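For what it's worth, the working numbering labels the leading residue of the sequence shown as 11, then goes sequentially.
Below: the structure, in structure tokens.
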Amino acid sequence: IDGEWQTGNYKWNDAQTDASYTTDGHVVPLSYTDTEGATVNLDYEIPSNTQCFQCHNKSNIITPIGPKLRNMHFNNQLEDLIGDGMLTNVTNLSELEALPSWEDTANFTLEERARAYFDVNCAHCHQPEGSCGTETLLDLRYETRFNETSIYETRFSILTRIQNQIPDYGMPLIGTTIIHDEGVALILEYINTL
């Protein structure tokens, strides 16, 4: 609106046929089958407009988190967006680096995968201009040199908080209805090498 991003979510109706825009928080019952084939039932929390700003905040400006060119530079995604006229002013894709895939054990080191995972999932808050920038020295952007990240100094706190769902303690502060077990395993493995 007026050249600025706004926060909000789309909440599906009970029949899963349509979604309505909302800025209010909601809790909805959810059932799914996990990777082991077990049925999981839980109450999924849809964040409110105010909660969205906690993470989508860069220097007090609402900012999208996920759509970075380097996060989308695989499987011809950028070429398709350019071809569809949805992405302009990108002249040479060969000069654009893709962020390593955290799942790709064949082509990337453990450190590259863990640092990429941190960048995608944590660095929007944990960087100097992020919402945690004044509260912690932790800088989880991929391009930050390791000795400037404070990962080593805060490793025990990182391990405790990413495995936790305690309100106002687990990481991320919101959006932790489901702990990403594979991501936690990756970070545990990485931090245990430090």
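Each residue gets a CB set at the ideal place from its N, CA and C atoms; glycine is no exception.
These numbers were taken from a predicted model, which means no experiment stands behind them.
Give me the Cα-Cα distance between residue i and residue j, rounded to the nearest whole angstrom.
{"i": "N23", "j": "V130", "result": "29 Å"}
{"i": "T146", "j": "S160", "result": "9 Å"}
{"i": "I184", "j": "R123", "result": "23 Å"}
{"i": "T101", "j": "S41", "result": "44 Å"}
{"i": "G93", "j": "S167", "result": "44 Å"}
{"i": "D193", "j": "K68", "result": "In the sequence under discussion, the amino acid at residue 193 is Gly, which differs from the Asp named in the question. Roughly 24 Å separates the two Cα atoms."}
{"i": "F156", "j": "G95", "result": "38 Å"}
{"i": "T17", "j": "N70", "result": "13 Å"}
{"i": "L91", "j": "P77", "result": "12 Å"}
{"i": "D191", "j": "D12", "result": "40 Å"}
Taking the Cβ atom as the reference point for each residue, do residue i and residue j lie within a distance shorter than 8 Å?
{"i": "R165", "j": "I189", "result": "no"}
{"i": "T32", "j": "N19", "result": "yes"}
{"i": "C62", "j": "C135", "result": "no"}
{"i": "E158", "j": "D149", "result": "yes"}
{"i": "W15", "j": "T73", "result": "yes"}
For residue i, collect the residues of the same chain with a Cβ closer than 7 Å to its Cβ; drop the 5 residues on either side in sequence, then sort them by chain order.
{"i": "A108", "result": "R80, H83 and F84"}
{"i": "E121", "result": "Y200"}
{"i": "N174", "result": "G180"}
{"i": "I56", "result": "N19, K21, G35, H36 and V38"}
{"i": "I172", "result": "M181, V194 and I197"}
{"i": "F128", "result": "L150"}
{"i": "I75", "result": "C65, H66 and H134"}
What residue range does the alpha helix (DSSP H) around residue i cover?
{"i": "Y152", "result": "Here Y152 belongs to no alpha helix (DSSP H), and DSSP marks it neither H nor E."}
{"i": "T32", "result": "First-last for T32: A29 to T32, but that is the beta strand (DSSP E), not the alpha helix (DSSP H)."}
{"i": "I197", "result": "D191 to I201"}
{"i": "L204", "result": "Unbroken run through L204: none, as it is neither H nor E."}
{"i": "I172", "result": "R165 to I172"}
{"i": "I92", "result": "Q87 to G93"}
Between residue i and the rest of its own chain, which residues show a CB-CB distance below 8 Å, the 5 nearest in sequence each way excluded?
{"i": "A133", "result": "G140, D149, L150, R151 and Y152"}
{"i": "D53", "result": "V37, V38, P39, L40 and T187"}
{"i": "A126", "result": "L109, P110, S111, W112, F118 and Y152"}
Does at least one heavy atom of the ligand ZN sit under 7 Å from the Cβ of residue i?
{"i": "C132", "result": "For the structure depicted, the ligand ZN is absent and the ligand set is empty, with no information on it obtainable."}
Note down, in chain order, each residue of its chain lying with its Cβ closer than 6 Å to the Cβ of residue i, except the 5 sequence neighbours on either side.
{"i": "D44", "result": "V50"}
So residue i is in the beta strand (DSSP E); what residue range does that whole segment cover?
{"i": "Y20", "result": "N19 to W22"}
Problem - Continuous alpha helix (DSSP H) assignments of at least 4 residues falling wholly in the region 34-73 - result: If we require 4 residues or more, the alpha helix (DSSP H) runs fully inside the region 34-73 come out as 59-65.
Exercise for the section: Only counting runs of 4 or more residues, tell me where the alpha helix (DSSP H) segments fall wholly within the region 98-131, in order along the chain. Expected result: Segments of the alpha helix (DSSP H) lying fully in the region 98-131: 120-131.
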